[in-house]
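To start, the structure under review is shown below, and the notes come after it.
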Amino acid sequence: MALTEAASSETDDTASAVDVATPVTGAIRSGGPERILGSGDHAAIGRVFVGVALLFGLIDLVASALVNFDAAAYDAGTGEGFLKAEVALRLGLNHQLGLLLCCVLPLVLGLGLIIVPRQLGAAAIAFPRAAALSLWTWLLSSILFVVAVIFDGSYGGADAKFARLGNVATGAMLVALCIGAVCLAVTVLTFRPAGMGLGDVPFFSFAMLVTSSVWVLSLPAALAQVILGHIIRPSAEDLVRTYDNFSWLLRQPSIYVALIPLLGLTADVVSTATGARQRFRAVVLANIGLAGLLSFGAWAQSDVARGTLVWVVLSAAFSLPLLGVLGAIGDTLNSNKPKFIAPLGYAIVSLLLGLLAALVGLLESIDSIGKGQLIGFGTKALDTGQLYLVIGATLTAGIGGAIYWAKQSVGGQLPDAVSKGLAPIALVGTALWGLSHVVLGLVQANDSSVDARAFAGISGAGALLVALVVISALGAGIKAGIDSSRGDELLSDPWGGGGTLEWIDAPAIPTSVESPYPLLDSKGGE
Amino acid sequence: MSLAERLIPNEAPPAALPRRRQLLFGASFGAAGWAMLILTLLGVYLAARSGNRALWLDGKTLQLTQPNVQLATLIMSSFTIQWAVYSIARDDRGHAYLALGITAMLGLAFLNQTWFLYSQTGIRLDADKEGAVFYALTGAHLAMVGCGVIFVALMSIRALGGSFSSRYPDGLSAAALFWHVTVALYTPIWLAVYIMK
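Which chain is which? The protein sequence lines are A and B, in order. In this text, residue positions in the first sequence follow our numbering: the first is 209, and each later residue adds one. In this text, residue positions in the second sequence follow our numbering: the first is 1119, and each later residue adds one.
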């Protein structure tokens, strides 16, 4: 009997004899915090990742709204809005980094940690202690990052010590996310049941394998810049240059890596909504792989690299895998009447937002053909708009994924009204948040004197709408988690059309499978 | 019946083997991450040098003896760690332990040589133009070698404990893979930093 287990009143004679023979002076029972802090359970680690990432996302979205409203209130006479210029600069730089490293990347990582082992029918994740190390390193460094920004530090801050603290925290976040990515990728590669080849892996797991691989190749390149920026014992001003040196992570093609998981999620959700197999399964997998190849951006760190034809072609091509996946799922939706389940709305909204972001990238690529700018769009505004669209798309997909796998991620279903109502708000909010900057960038073509204030105000309102979505999803998730009395075991499929292993009750998970849809096989589905 | 037989009876079922290739894939991803870190730093080093060609290493001496010996040391260690993998795959535990010990010793020798090289170059971290990039690049590789030595040491301890055999050689194969990547990464550093200067 484990020391943490409660003694049973129905123990048999043998067990009683063992208990008598083993003097136990006091039973040790671990409480909730101890179980979370010491857990190597993939679902517990993933839940903390998802919950805290949404919380940090909320902070960064409010910061984004503040920065944009400040830009809307800009007074040319004083050279400031309602924030001091240095505060606006600090928040402007750090909220974008925070949205990526404290929110969307850990959000999809957390979702992957919860779901990927279950989609593979595995009881655990590869290297569970490393996964826990990843979580706690990321959490601590994210808190330090926020603290550094608050105390006039991090990038754009004036306090040298807190500026360096922000830099160290950024480096630690990059390392932590890399470790988590390795755990996920190795899980997909080695924890599959017999009969499940790499081409039979559920779409979301395959997308997480591709995403993790690109992270492992991209994030250390950014870490190199962080390390280099740190060892010169920099002043606060020097660190702004360090930020510039790894800001390629926030631009195309690197930023597209955040969109890859939503391709897998969308394909899985559509299969469940229609209760059917994807006819063009290979097309979806190939496009997810292509998206991974195109989103590797560590080679394009310098301005010289970003001025090459290779950059133009690769950046412009990212809309192709999105269109490929859209076509394949469109065929499935067309061939099989779907049930309108809440996650389907999130999946389609996030894919559309991702397509918008890719189209913005296409425009920027075309603009950079030749020497200088072909059309003269406002590149900075386009970059900002594209970043917001990608972040909004991934946030929407992440929330949709948490709702889709609510039984596994929070323990119980979220209220249907909340689930279905948030997707349209996310669409409108992200569109306002990102497209206002995109439109500003377009109207700035050859006329940089366009007044940006109205656009910034609209973007700030959009950020608040997205924040409303995040806080509602977070609240509903916490309530569902509290209301639920279930433990960590799998429950059956609430949507009625799931075909992959995460929808099977744990004891019934087969040790070998014969197709990518074992549950549909058992039902005799087409 | 001996104490060992009483503690571990012959009829005890064998322990279930861990999943195959888990460590191997983990080490591959880890090595790939390190490679990207070091290659990025190498790129930054070369870019900084081309921008400051006239002042680069002005008044400094980067002798070739140490870097050449370091490269030779690492190449030898690549052979010895492969010897360990070869031996464990044939259940030749004695040779595997010997090869692992020599590999770890060569790794430690590399660390020692690098430390000596640092004391000879006279490059200052915060005062010289090449200081930050030189120490960032060579220091990152030094750290990777350090991680490799720790990895080899941990796998050696597990090998001593009987975790690896011809049925399950993954731990040593993973350490060997990581080590080979570490050695391979030193080649462009040796060429770019010490030979081409």
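Backbone N, C-alpha and C define an ideal beta-carbon position, used for all residues, glycine too. Everything numeric in this text was worked out from a predicted model, so none of it was measured.
Interface residues of chain B around residue i at Cβ under 8 Å?
i: Thr-398 (chain A); result: Arg-1137, Arg-1138, Arg-1139, Gln-1140 and Phe-1143
i: Leu-436 (chain A); result: Leu-1159, Val-1162, Ala-1250, Val-1251 and Ala-1254
i: Val-394 (chain A); result: Gln-1140, Phe-1143, Gly-1144 and Phe-1147
i: Ala-506 (chain A); result: Met-1154 and Thr-1158
Please name the residue in the options whose C-alpha comes closest to that of residue i.
i: Val-354 (chain A); options: A:Ala-524, A:His-645 and A:Arg-372; result: A:Arg-372
i: Arg-1138 (chain B); options: B:Tyr-1304, B:Gly-1148 and B:Tyr-1286; result: B:Tyr-1286
i: Thr-1179 (chain B); options: B:Thr-1239, B:Val-1267, B:Leu-1141 and B:Gly-1219; result: B:Thr-1239
i: Thr-398 (chain A); options: A:Phe-370, A:Phe-454, A:Tyr-451 and A:Ala-332; result: A:Ala-332
i: Phe-264 (chain A); options: A:Ala-675, A:Gly-608, A:Trp-703 and A:Pro-726; result: A:Ala-675
i: Thr-482 (chain A); options: A:Lys-545, A:Ala-466 and A:Gly-500; result: A:Lys-545
i: Val-521 (chain A); options: A:Gly-578, A:Ile-468, A:Met-381 and A:Leu-709; result: A:Gly-578
i: Ser-1205 (chain B); options: B:Gly-1266, B:Ser-1283, B:Lys-1247 and B:Leu-1309; result: B:Ser-1283
i: Gly-707 (chain A); options: A:Met-416, A:Leu-561, A:Tyr-725 and A:Ser-421; result: A:Tyr-725
i: Phe-1296 (chain B); options: B:Leu-1192, B:Asn-1230 and B:Leu-1216; result: B:Leu-1192
i: Val-512 (chain A); options: A:Asn-453, A:Gly-584 and A:Val-598; result: A:Asn-453
i: Phe-585 (chain A); options: A:Leu-560, A:Val-424, A:Ala-279 and A:Leu-650; result: A:Leu-650
i: Leu-1290 (chain B); options: B:Gly-1280, B:Ser-1274, B:Thr-1305 and B:Ser-1168; result: B:Ser-1274
Going by beta carbon distance, what residues of the same chain come within less than 8 Å of residue i, once the five residues before and after it are set aside?
i: Gly-569 (chain A); result: Gln-460, Pro-461, Tyr-464, Ser-523, Ala-524, Phe-526, Ser-527 and Gln-594
i: Leu-1182 (chain B); result: Tyr-1312 and Ile-1313
i: Arg-243 (chain A); result: Ala-252
i: Ala-271 (chain A); result: Leu-299, Asn-302, His-303 and Gly-306
i: Ile-440 (chain A); result: Asp-446
i: Ala-1153 (chain B); result: Val-1299 and Leu-1303
i: Ala-402 (chain A); result: Thr-719, Ser-720 and Val-721
i: Leu-458 (chain A); result: Gln-304, Leu-305, Leu-308, Asp-591 and Leu-595
i: Lys-731 (chain A); result: none
Mind listing the chain A neighbours of residue i? Cutoff is C-beta to C-beta under 7 Å, in chain order.
i: Gly-1151 (chain B); result: Cys-386, Val-424 and Pro-428
i: Gly-1148 (chain B); result: Val-390
Indicate whether at least one CB of chain B lies closer than 8 Å to the CB of residue i.
i: Ala-334 (chain A); result: yes
i: Pro-726 (chain A); result: no
i: Ala-377 (chain A); result: no
i: Ala-340 (chain A); result: no
i: Leu-517 (chain A); result: no
i: Leu-698 (chain A); result: At Leu-698 (chain A) the pLDDT is 42, less than 50, meaning the model places this residue with poor confidence; the figure from the coordinates comes in the next sentence. With 8 Å as the cut-off, Leu-698 (chain A) does not count as an interface residue toward chain B.
i: Ala-481 (chain A); result: no
i: Thr-230 (chain A); result: Unreliable placement is indicated for Thr-230 (chain A), whose pLDDT of 45 sits below 50; the coordinate value is still reported in the next sentence. It does not; no Cβ of chain B falls within 8 Å.
Quick one: residues in its chain with C-beta nearer than 7 Å to the C-beta of residue i, no 5 flanking neighbours on either side, listed in chain order?
i: Gly-532 (chain A); result: Val-491 and Asn-495
i: Val-626 (chain A); result: Ser-680 and Ala-684
i: Pro-551 (chain A); result: Val-477, Gly-608, Ile-611 and Tyr-612
i: Leu-297 (chain A); result: Gly-364
i: Ala-368 (chain A); result: Ser-443 and Ala-444
i: Leu-1175 (chain B); result: Glu-1248 and Lys-1315
i: Ala-653 (chain A); result: Ile-583, Gly-584 and Phe-585
i: Gln-1200 (chain B); result: Ala-1294
Are residue i and residue j touching if we call contact CB-CB under 8 Å?
i: Leu-470 (chain A); j: Ser-558 (chain A); result: yes
i: Ala-565 (chain A); j: Ala-506 (chain A); result: no
i: Trp-346 (chain A); j: Ala-393 (chain A); result: no
i: Ile-679 (chain A); j: Leu-307 (chain A); result: no
i: Ser-1146 (chain B); j: His-1298 (chain B); result: no
i: Ala-614 (chain A); j: Leu-262 (chain A); result: no
i: Val-316 (chain A); j: Gly-606 (chain A); result: yes
i: Leu-567 (chain A); j: Asp-575 (chain A); result: no
i: Gln-616 (chain A); j: Arg-326 (chain A); result: yes
i: Trp-641 (chain A); j: Thr-480 (chain A); result: no
i: Gly-472 (chain A); j: Phe-411 (chain A); result: yes
i: Val-324 (chain A); j: Met-416 (chain A); result: yes
i: Gly-705 (chain A); j: Lys-547 (chain A); result: yes
i: Tyr-1163 (chain B); j: Val-1251 (chain B); result: yes
i: Gly-1225 (chain B); j: Val-1270 (chain B); result: yes
In chain order, what residues of the same chain have a beta carbon less than 6 Å from the beta carbon of residue i, not counting five sequence neighbours either side?
i: Ala-631 (chain A); result: Gly-553, Tyr-554 and Val-557
i: Ser-723 (chain A); result: Asp-729
i: Leu-698 (chain A); result: Because the pLDDT of Leu-698 (chain A) is 42, which lies under 50, any placement of that residue in the model is unreliable, and the number read from its coordinates should be weighed accordingly. The answer, listed in chain order, is Asp-713 and Ala-714.
Note down, in chain order, every chain A residue with its Cβ under 9 Å from the Cβ of residue i.
i: Met-1262 (chain B); result: Simply none; closest approach about 11 Å.
Counting contacts by CB-CB distance shorter than 8 Å, is residue i in contact with chain A?
i: Leu-1155 (chain B); result: yes
At 7 Å on the CB atoms, spell out the chain B contacts of residue i, in chain order.
i: Leu-431 (chain A); result: Leu-1155
Distance cutoff 8 Å, beta carbons only. Does residue i sit that close to anything in chain D?
i: Ala-631 (chain A); result: The question asks about chain D, but that chain is absent: this structure's protein chains are A and B.
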